[in-house]
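Participant: Here it is, the structure, as structure tokens.
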Amino acid sequence: MSEQSQATWIVGTSLSGKTSRIVEIFVNWVETLSDRPQLLPQPGAERSPTQPGVLVFAAIGEHRLDLADQLAAATHSKVSFISTTPTGFFQDEVQLFWTLLIQQLELKAQFPLRLTPETEQELATQLWRAELDRAIAQDARVNEGRLVRRILDLLQLAALAGFGTSDIPHILERGIAGSDPGLPLPFDEIATMLDRWQQWCLERGLLTYSLNAILYSQYLLPHPLYQEQLTRRFQVLLADDVDEYPAIARLLFEQLLDAGVKAVFSFNPEGAVRLGLGADPDYLSGLADRCEIEYLTQHPVPSLAIDHAEEILTLATEPTVIEPLPAGFQLIQTTARSQLIRQIATTILEAVQAGEIQPREIAVIGPGLDAIARYAIIDILTSHQIPVESLNDQRPLNSYPLVRGLLTLMALVYPNTGRLLNREAIAEMLVVLTRQPQPAPSTEVTAPASAGVVASVSIPSAIDAVRAGLLADYCFAPHPERPRLLPVSTFPRWDRLGYQASEAYEGIVAWIQNQQEQLEQRLIPSPIALLDRAIQHFLLSGSGLAFDQLSALRQLIETAQHYWEVHNRLRRIDRQETPAAMTVTRFIQLLQSGTITANPFPVRPIGSASNAVTLATVFQYRSSHRAHRWQFWLDVGSNRWLSGVDALYAAPLFLQSWSGHLWTAADTLASNEQRLRRILLDLLARTTERVYLCHSDLATNGQEQTGVLLSLVNAVSTDMPEAL
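1481 is the number that our numbering gives the last residue of the sequence shown; the numbers go up by one with no jumps.
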């Protein structure tokens, strides 16, 4: 690092070596202190006041792991550091200095409990019931869940930008100019609702992402005692990809720079992936005025952007210019979208089988990936032993049959939950809870299952779908308070079920009756214990489960633990005794709504599973910072490339650079065009060899596709070898 400046600002496009340069600067700094090892923070040892603390930031969790690995490898793990993300740092600091906030805000002394976004939405809905009912009464088209989420998102945008709730009405009034169908409540009333929500949470020690940001930026960071502790703990700051950070991160960085820390920042002027989700790249770029600036002009990784970026941008923005594209761009074109999906999968399959490319070198990217497209691509490729990694495929927990079966089982055990059950749910439960034990589950997996890599598993059940349907028809007795499974002999032709199916069914009936007896005797401490018993008894007794199924079960238990932890906190503070059955009902309804998703771990595939085709939306792919030899741009003729929504409601109004004037349709168009430019530059920088433009004349709904990138389809060279 230069002696003239304590801070370095690294500017470069995607894959220009920004992260490597951060690591290089840090290693150089470590080497200057190698002759004074007492000044280096040793791993596992408590740092003395004379040893510099190192604070390392990355935009998201997966990048944090990658950067931490690179720093550890480059320094041979001789230097300790704290690795985090901006939101993770705010949360950790608020919890670490909670006693300071208790004194400052005169809060009740209790350990803070973090709310998940799903629980946050449910509790906010209950708190705002009167206002929501009034809004729905005035306009029946109002979607309650969407309205609650939108109001909470406004609080998140304001918190990450450093604004208070009192600023929200003024911002909306200037930017939206009056009422908006998306917010069928007066803006002042929304601010009052958010103030009440924050106070309600603080009184109960409940913290959300928004509240963490507010407490940190508005109360903790300005506190003299915290500032003293902050600068005493950290003397070195490394921050990668600050173009994806919220505005309040700049307040923290300026505080550290004022204290004289050594700092290295990296910034991608064409990045801004999280713009619209709380990031403010223009505001963060102001830190460059305090740094020595380095421009990375070399391209250590070859890419199509080096020679063709401007050409592609011209064709996309000026459709009247028609020039043939180079051979690095090929076309897959069909009439129907279903044909397009099959053609893409076939092209990948043939190239992999011919040894032309490895699966891990291929990415299929689209402005939006519907469930049908995901399933079709995954099904074709995995059936030919080609793994597919679906990036951040956060499927609702309730989409897993195992989870639905366990929820049905829970409703059968607890009273007053019968309205949640139907014949179809009972039949599905009988199938998924009677899976046959498998002595060698590895032989049934056609692709290694790890970290979101899809693998197909086929494990037979003792009760097949036909028998399950018959049992549900004849042996399920619906009742709002006490639904029951009747003995198998209730079915007149039960002898036709077979011994194995009959025994399996009676085993489920006996298990439910046993749990009901223990529930009456208060021998089941909580519904979490019941779920754990069911999983151990029915699902983990010898049968082989795929990784995504195990991940869903883990997420189910974690969700239940969090839900009842919050419930117990509220019951203790509010002194309201809610019947257990009512809480169970709310929990099941929360999962049935599909708002809770499964997040598979580990983050990175291991072993042969790492050789998988990447399947992602444009936003997911850009966030992952990956690169591939081949990219398949799905639905290249779709309008969503230009107008696709990956931003929160009214997000531009909370940027520090917003003019304060009315946000118009022209502003939206200009913003979308800038976003498209960043997308094209980023994707081209992340492919080294070939882009397949995948276009179907008709979209899924049968309408003709006339998106802005259709000019690229028209520009594909006619003398180029056809893709198929």
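Every residue gets a Cβ at the ideal spot worked out from N, C-alpha and C, and that includes glycine.
Counting only the same chain and skipping the five closest in sequence on each side, list residues whose C-beta sits under 7 Å from that of L772.
Facilitator: The sequence position of residue 772 within the sequence shown is 15, counting from 1. V1058, S1060, A1384, A1442 and R1443, listed in sequence order.
Participant: Check T1091 in the structure and name its three-state DSSP category.
Facilitator: What you label residue 1091 is simply residue 334 of the sequence shown in a count that begins at 1. In the structure shown, T1091 sits in a strand (DSSP, three-state: E or B).
Participant: Could you please give me the residues that DSSP links to A1036 through a beta bridge?
Facilitator: If you number the sequence shown from 1, residue 1036 lands on position 279. Answer is P1003 and L1032, bridged to A1036.
Participant: Does N900 pass the burial test, meaning 16 or more other C-beta atoms within 10 Å, or should it be called exposed?
Facilitator: The residue given as residue 900 occupies position 143 in the sequence shown. N900 comes out exposed.
Participant: For T1342, which residues in the same chain have their Cβ closer than 6 Å to its Cβ, ignoring the five residues on either side in sequence?
Facilitator: Counting from one through the sequence shown, the residue named residue 1342 turns up at place 585. Cβ within range, chain order: T1174.
Participant: How far does the beta strand (DSSP E) with T1374 in it extend, from its first residue to its last?
Facilitator: Residue numbering aside, residue 1374 sits at position 617 when the sequence shown is read from its first letter. V1370 to T1374 is the extent of the beta strand (DSSP E) around T1374.
Participant: Leaving out five residues on either side along the sequence, give the residues of the same chain with a beta carbon under 6 Å from the beta carbon of N969.
Facilitator: Numbered from 1 along the sequence shown, position 212 holds the residue referred to as residue 969. Around N969: F847, Q848 and V851.
Participant: In this structure, does DSSP put I893 in helix, strand or coil?
Facilitator: Position 136 of the sequence shown, counted from the start, is the residue given in the question as residue 893. Helix at I893.
Participant: Run through the DSSP bridge pairs and tell me what K1019 is partnered with.
Facilitator: The count along the sequence shown starts at 1 and reaches residue 1019 at position 262. The partner list for K1019 (beta bridge, DSSP) reads V993.
Participant: According to the Cβ coordinates, are S1400 and R1094 closer than 8 Å?
Facilitator: Taking the sequence shown and counting its residues from 1, the one referred to as residue 1400 is at position 643. Taking the sequence shown and counting its residues from 1, the one referred to as residue 1094 is at position 337. Result no, Cβ atoms of S1400 and R1094 do not sit closer than 8 Å.
Participant: Report the CB separation of V1170 from Q1272 in whole angstroms; it is logged as a contact under 8 Å.
Facilitator: Here residue 1170 refers to the residue found at position 413 of the sequence shown. Here residue 1272 refers to the residue found at position 515 of the sequence shown. Their Cβ separation, rounded to whole angstroms, is 5 Å, which keeps V1170 and Q1272 in contact under 8 Å.
Participant: In the DSSP assignment, find the unbroken beta strand (DSSP E) run with L827 in it and report its ends.
Facilitator: In the sequence shown, the residue the question calls residue 827 occupies position 70. Strictly speaking, residue 827 in this sequence is Gln, with Leu absent from that position. From DSSP, Q827 is part of no beta strand (DSSP E) but of the alpha helix (DSSP H) over G818 to A831.
Participant: Buried or exposed: T1191, going by 16 or more other Cβ atoms within 10 Å of its Cβ?
Facilitator: As a first step, residue 1191 is located in the sequence shown; it is residue number 434 there, counting from the start. Counting Cβ neighbours within 10 Å, T1191 comes out buried, since at least 16 surround it.
Participant: Is C958 helix, strand or coil when you go by DSSP?
Facilitator: The residue you call residue 958 lines up with position 201 of the sequence shown. Helix, per DSSP.
Participant: With DSSP run on the structure shown, which of helix, strand or coil describes A1111?
Facilitator: Taking the first residue of the sequence shown as position 1, residue 1111 is located at position 354. Reduced to three states, the DSSP call for A1111 is coil.
Participant: Just to confirm, are V1018 and Q992 a CB contact at a threshold of 8 Å?
Facilitator: Translated into the one-based positions of the sequence shown, residue 1018 becomes position 261. Translated into the one-based positions of the sequence shown, residue 992 becomes position 235. Result yes, Cβ atoms of V1018 and Q992 sit closer than 8 Å.
Participant: Roughly how many whole angstroms lie between the Cα atoms of H820 and D1230?
Facilitator: The residue given as residue 820 occupies position 63 in the sequence shown. The residue given as residue 1230 occupies position 473 in the sequence shown. About 52 Å.
Participant: Tell me, to the nearest whole angstrom, how far the beta carbon of L1419 is from that of I928; I am working on the premise that it is less than 8 Å.
Facilitator: Your numbering for residue 1419 matches position 662 in the sequence shown. Your numbering for residue 928 matches position 171 in the sequence shown. Their Cβ separation, rounded to whole angstroms, is 12 Å, which puts L1419 and I928 out of contact at 8 Å.
Participant: Quick one: what's got a C-beta closer than 8 Å to E1446's C-beta in the same chain, skipping five residues either side?
Facilitator: Along the sequence shown, read from residue 1 onward, the residue named residue 1446 stands at position 689. So the list reads L1061, G1085, R1386 and W1387, once near-sequence residues are dropped.
Participant: Less than 8 Å separating the beta-carbons of L1044 and P1038?
Facilitator: Translated into positions along the sequence shown, residue 1044 becomes position 287. Translated into positions along the sequence shown, residue 1038 becomes position 281. Cβ distance not < 8 Å, so L1044 and P1038 don't count as in contact.
Participant: Under a three-way DSSP split, which group does L1437 fall into?
Facilitator: The sequence position of residue 1437 within the sequence shown is 680, counting from 1. L1437: helix per DSSP, three-state reduction.
Participant: Would you call D1252 buried or exposed, if buried means 16 or more other Cβ atoms sit within 10 Å of its Cβ?
Facilitator: Position 495 of the sequence shown holds residue 1252. The residue in question, D1252, is exposed, as its Cβ has fewer than 16 Cβ neighbours within 10 Å.
Participant: Report the residue from P1172, V1223 and N1149 whose alpha carbon sits nearest the alpha carbon of E1185.
Facilitator: Within the sequence shown, residue 1185 is the residue found at index 428, counting from 1. Minimum Cα distance to E1185 is reached at V1223.
Participant: As a quick exercise: from N1025, S1428 and A918, pick the residue whose alpha carbon is nearest that of G769.
Facilitator: Taking the first residue of the sequence shown as 1, we reach residue 769 at position 12. The shortest Cα separation from G769 among N1025, S1428 and A918 belongs to N1025.
Participant: Mind reading off the beta-carbon distance from L1159 to L1310? Whole number of angstroms is fine, and I expect it under 8 Å.
Facilitator: In the sequence shown, counting from the first residue as 1, residue 1159 sits at position 402. In the sequence shown, counting from the first residue as 1, residue 1310 sits at position 553. Rounded, the Cβ-Cβ distance is 7 Å, consistent with contact.
Participant: Which of helix, strand or coil does DSSP assign to S1140?
Facilitator: As a working mapping, residue 1140 is identified with position 383 in the sequence shown. Coil.
Participant: Which stretch, first to last residue, makes up the alpha helix (DSSP H) that contains R1447?
Facilitator: As a working mapping, residue 1447 is identified with position 690 in the sequence shown. From DSSP, R1447 is part of no alpha helix (DSSP H) but of the beta strand (DSSP E) over T1444 to S1453.
Participant: Kindly indicate the opening and closing residues of the beta strand (DSSP E) around Q1388.
Facilitator: Residue mapping note: residue 1388 aligns to position 631 of the sequence shown, counting from 1. Residues H1385 to W1390.
Participant: Please work out which residues of its chain come closer than 7 Å, Cβ to Cβ, to T832, disregarding the five sequence neighbours upstream and downstream, and give them in chain order.
Facilitator: On the sequence shown, position 75 is the one that residue 832 refers to. The residues are V784 and V787.
Participant: Could you tell me which whole alpha helix (DSSP H) segments of length 4 or greater appear in the stretch 829-902?
Facilitator: 843-853, 855-862, 874-884 and 886-895
Participant: Quick check: the stretch 950-961 against the stretch 822-842, are there 3 or more CB pairs under 8 Å?
Facilitator: The stretch 950-961 is not in contact with the stretch 822-842.
Participant: Taking the straight line between their C-alpha atoms, what separation do you get for H980 and R1176?
Facilitator: Along the sequence shown, read from residue 1 onward, the residue named residue 980 stands at position 223. Along the sequence shown, read from residue 1 onward, the residue named residue 1176 stands at position 419. So the alpha carbons of these two residues sit roughly 52 Å apart.
Participant: Looking at the structure shown, is V1245 part of a helix, part of a strand, or coil, going by DSSP?
Facilitator: One-based indexing of the sequence shown puts residue 1245 at position 488. Note: V1245 maps to helix in three-state DSSP.
Participant: Got a sec? Which residues, its chain only, sit under 8 Å from E877 by beta carbon, not counting five neighbours each side?
Facilitator: Here the question's residue 877 lines up with position 120 in the sequence shown. Here the set comprises L909 and T965.
Participant: With respect to the alpha helix (DSSP H) encompassing L812, which residues constitute its N-terminal and C-terminal limits?
Facilitator: On the sequence shown, position 55 is the one that residue 812 refers to. Where L812 is concerned, there is no enclosing alpha helix (DSSP H), although the beta strand (DSSP E) it sits in stretches over V811 to F814.
Participant: On a Cα-Cα basis, can you pick out the residue from A1004, I1143 and R1326 that is closest to G1112?
Facilitator: As a working mapping, residue 1112 is identified with position 355 in the sequence shown. Considering only alpha carbons, the answer is I1143.
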